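Residue numbers (the numbering used here): 156 to 337. C-beta atoms are modelled at their ideal positions from N, C-alpha and C, and glycine is treated no differently. These numbers were taken from a predicted model, which means no experiment stands behind them. One structure below.
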Amino acid sequence: MESIILTSLKEVESCIDEKNPGTCATRLLASVDAIYTPLKPINSGLGEVRRISSLLAGILANTFIELARKKFGDEAEEFLRATMEELGKTIEDTVDYVRSILEKANIQFFEPAMSREARESLYNDIKEYVEPPKPSISRRRRLPPRRPDPRQRLFRLLKELGRRDPFISKFIDMELRKIGVL
């Protein structure tokens, strides 16, 4: 799992350097599918594997947001909005990209799989950043809705993942610190 997560993080980092929202959308979906691929055979139907893959997809999404904020500054919102729109359009088959990620991670004995829940988690995290939710209680003063902080979300997701698998959580924490996200 560690090599797949590391390769997926590198894919996310490299897609930001290309500055192409369509490519980023495809690579993000492929990364999420690559993370779910080794988990699928152990899926017992109780939903734990889907929760873990959704957590990992949320970590990828918030890493992507934080790296885009660092790279583009004020223009990050436009780039993230374009990527979110491409994610909404991209339902294409990402099997070839998933295979390339698995090959880079030196894992070729799994058949690529897709997790709908993990893809939704990826899309929802980016959408919530681009279009912050409005408070349900109306306020007297009309303050703009607060945008969620991706770093806080990463800490929360890593803490939640640490309850289920502390080794992977610690590994991801160290890798995110190496990249400069945390």
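Counting only runs of 4+ residues fully inside the segment 226-256, write out the alpha helix (DSSP H) ranges in chain order. 231-244
Which one of Glu330, Glu283, Phe322 has the shortest CA to CA distance from Arg101? Since the first residue of the chain shown is 156 and the last is 337, residue 101 is not available in this structure.
Does DSSP classify Thr178 as helix, strand or coil? helix
Which residues in the same chain have their Cβ closer than 6 Å to the Cβ of Glu275, if we skip the five residues on either side of it in sequence? none
For the alpha helix (DSSP H) that Phe326 lies in, which residues bound it at each end? 321-334
Our contact map puts Phe227 next to Phe234 with C-beta atoms below 8 Å; I'd like the distance itself, whole angstroms only. 5 Å
Sequence-distant residues of its chain with Cβ nearer than 7 Å to Lys259 (five each side left out): Thr162
Measure the CB-CB distance between Glu330 and Leu164 and report whether it falls below 8 Å. yes
For Ile256 and Glu157, believed in contact at Cβ under 8 Å, the rounded distance: That belief does not hold up - the Cβ atoms of Glu157 and Ile256 are roughly 14 Å apart, past 8 Å.
Alpha-carbon spacing of Ala231 relative to Val187, whole angstroms: 22 Å
Please state whether the Cβ-Cβ distance between Ile190 and Leu211 is less than 8 Å. yes
Presumed contact (8 Å Cβ cut-off) between Leu184 and Thr238, rounded CB distance: Contact doesn't hold; Cβ gap of about 11 Å is too wide.
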